[in-house]
Amino acid sequence: MTDSIPQVDLGINDAAQSVVIVEGAAQVSDLAELISAAPGLLHPAAALTLARAANHFAQGTDYRVVEDPAAFEAAYRAKVDSEDPNAAWQEGVLRLRDHGMPDFSQIQPPVLQGTILTYFATDSTLGLPYRVVLDLANPNGKFPYSAVALIPFPPAAAPAAPASNPLFVGSNEPLNPLGDDGGLELAEPPLVIEDLGADDEPDEP
1 MTDSIPQVDL
11 GINDAAQSVV
21 IVEGAAQVSD
31 LAELISAAPG
41 LLHPAAALTL
51 ARAANHFAQG
61 TDYRVVEDPA
71 AFEAAYRAKV
81 DSEDPNAAWQ
91 EGVLRLRDHG
101 MPDFSQIQPP
111 VLQGTILTYF
121 ATDSTLGLPY
131 RVVLDLANPN
141 GKFPYSAVAL
151 IPFPPAAAPA
161 APASNPLFVG
171 SNEPLNPLGD
181 DGGLELAEPP
191 LVIEDLGADD
201 EPDEP
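Residue 142 in the working numbering sits at position 142 of the sequence shown; the count goes up by one each step and never skips.
Printed below as a string of structure tokens:
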């Protein structure tokens with residue numbers, strides 16, 4: 001059956017609109033026209049080709065169809081591993097760790113069952129996965145890109161508290177280790193202020 005799947009090429013016309021060229025000749029600008037020009041795309045074996053076209057019409061280059069789930073998983077995990085797990089969230093910095101890890105077993109290649117086409121796509125900015133379901137009985141109807149549920153990563157570890165300095169324990173004066181007994185002594189004798197007795201008080205002017 002794959003030999004009878006029409007050849008389609010994705011493109012952009014002079015008006016910067018997404019188009020599909022069928023068999024190198026007919027140029028169509030929406031999914032309904034594509035199915036009319038190439039009804040062979042309604043066969044289940046053509047699900048990937050149909051998903052590419054549907055995604056192209058709907059999103060242009062903003063999203064890409066997940067064609068190989070194993071390759072997608074490997075690339076996602078590699079990007080996560082390249083990110084610092086202890087880095088705090090920063091505005092304007094795009095990190096998968098700030099979003100989470102998908103259940104990769106749910107992400108499958110495009111499939112066509114009857115008139116229902118289901119495929120997964122990733123946004124071109126960060127690579128987060130989305131699930132798309134559309135009914136080809138209404139090919140030009142709106143179909144949402146639903147974000148796949150993500151499992152959050154554990155929060156970043158809190159920075160370690162600074163180590164205490166044993167030379168300042170229990171005193172405002174630095175301490176020096178003694179010789180043999182291992183004790184501590186003040187590096188400088190503490191300043192002692194004696195109380196002024198009655199006789200030591202300054203005379204009245």
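Cβ atoms here follow ideal geometry from the backbone N, Cα and C, with glycine treated the same way.
Here the structure is a predicted model, which means the values were calculated and not measured.
- Excluding five sequence positions before and after A47, the CB atoms of its chain that fall closer than 7 Å to its own CB belong to P110, V111, L112, L117, given in chain order.
- Restricting attention to L136, N138, P102, the CA atom closest to the CA of T122 is found in P102.
- In the assembly as shown, V19 is a buried residue. Its beta-carbon has 16 or more other beta-carbons within 10 Å.
- Of the candidates Q59, P144, W89, S4, the residue whose Cα lies closest to the Cα of P44 is S4.
- Annotated three-state conformation of A74 is helix, per DSSP.
- Taking R97 as the centre and dropping the five residues before and after it, the same chain places the C-beta of V80, E83, P85, F153 closer than 7 Å to its C-beta, in chain order.
- Across the structure, Y76 and G127 are spaced so that their CA atoms are roughly 7 Å apart.
- Secondary structure note for Q106: it is in no alpha helix (DSSP H), with a DSSP letter that is neither H nor E.
- Nearest in C-alpha terms to Q59, of all of A71, A16, A74, F72, is A16.
- A residue is called buried once 16 or more other Cβ atoms fall within 10 Å of its Cβ, and T125, having fewer, is exposed.
- L50 is the residue among A32, R131, L150, L50 whose C-alpha sits nearest the C-alpha of Q7.
- For I35, the enclosing alpha helix (DSSP H) starts and ends at 31-37.
- Between P129 and the set Y145, L136, I12, P139, the nearest pair of CA atoms involves Y145.
- With distances taken between CA atoms, D135 lies nearest to A54 out of G24, A54, D62.
- Per DSSP, F57 is one residue of the alpha helix (DSSP H) stretching across 47-59.
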